[in-house]
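In my numbering, the protein residues as written are 3 to 278.
Ideal placement from N, C-alpha and C gives every residue a C-beta, glycine not left out.
Given the structure is predicted, the values throughout are model-derived calculations rather than measurements.
Everything below concerns the one structure shown next.
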């Protein structure tokens with residue numbers, strides 16, 4: 003069974019020619035039936051950048067946009083997502099105070115928001131550590147997360163959150179205070195109990211049930227494209243392959259596939275996802 007006449011969108015993927023397979027991974031996605039990707043900037047340390055100010059993230063963002071241009075040459079539609087990985091708090095705090103680290107990260111997000119305003123990116127990336135941290139680090143990280151939500155509200159764009167596993171229900175109140183619609187706050191690597199907009203890893207066992215119930219969500223691979231961790235988190239072919247499997251087994255309908263891969267990401271990110 004072929005994939006349906008619908009776009010196939012990976013909501014969170016990295017392509018890294020410096021440390022991974024680069025464009026070859028994107029070609030795998032396309033050959034498997036993929037059409038659209040949300041290309042997420044990698045952490046600064048992946049590119050050997052040690053930020054001391056928000057402006058230092060420009061090197062990371064420009065590298066991401068260069069990769070986006072390379073991937074577009076394969077025929078894929080690419081939407082860049084720029085921001086600051088929440089684990090950078092731990093990296094930065096090793097050489098500066100928490101207050102300084104938070105200021106650097108907020109400055110990086112300010113820069114990312116300017117790229118969105120210029121039309122060079124479609125969304126922001128932020129969050130808080132997904133691992134246990136002391137209360138002071140969590141407080142500083144939540145301040146950065148809230149700043150990203152304020153920027154998203156000001157730019158009228160979505161914000162992808164990398165955070166702990168689970169609902170992250172407190173972020174709903176943060177979004178309300180920041181003035182950003184909660185349906186534009188995307189929980190990357192989501193669990194079904196989140197009240198945010200979920201982006202599920204393509205192999206998540208609840209996707210068929212949630213799709214049949216009409217739940218709005220997207221699918222992702224979180225492919226890291228690192229030669230030291232080949233195939234992590236799951237490979238670039240995963241979103242189209244799992245979608246095909248769900249369809250072949252009658253677990254989702256073509257209407258479900260359209261909602262997952264076109265309708266929901268279009269409304270969430272304010273883009274027009276259609277067959278190229």
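Host beta strand (DSSP E) of residue 85 (start-end): It spans 79-85 - the beta strand (DSSP E) in which residue 85 sits, taken as one unbroken run.
Proximity test, Cβ basis, 8 Å: residue 153 and chain C: The structure shown has no chain C; it contains just one protein chain.
Cβ pair residue 221, residue 262 closer than 8 Å: yes
Under 8 Å between C-beta atoms of residue 165 and residue 130: yes
Three-pair Cβ contact test at 8 Å for the stretch 167-181 versus the stretch 228-246: no
Buried or exposed by the 16-neighbour rule on C-beta atoms within 10 Å, applied to residue 75: exposed
DSSP-derived helix/strand/coil call for residue 13: strand
Alpha-carbon spacing of residue 148 relative to residue 36, whole angstroms: 33 Å
DSSP state of residue 196 mapped onto helix, strand, coil: coil
Residue 111 to residue 153 span [Cα, whole Å]: 8 Å
For residue 222: DSSP bridge partner residues: 203
Continuous beta strand (DSSP E) assignments of at least 3 residues falling wholly in the stretch 88-147: As far as the stretch 88-147 is concerned, its whole beta strand (DSSP E) runs of at least 3 residues are 125-129.
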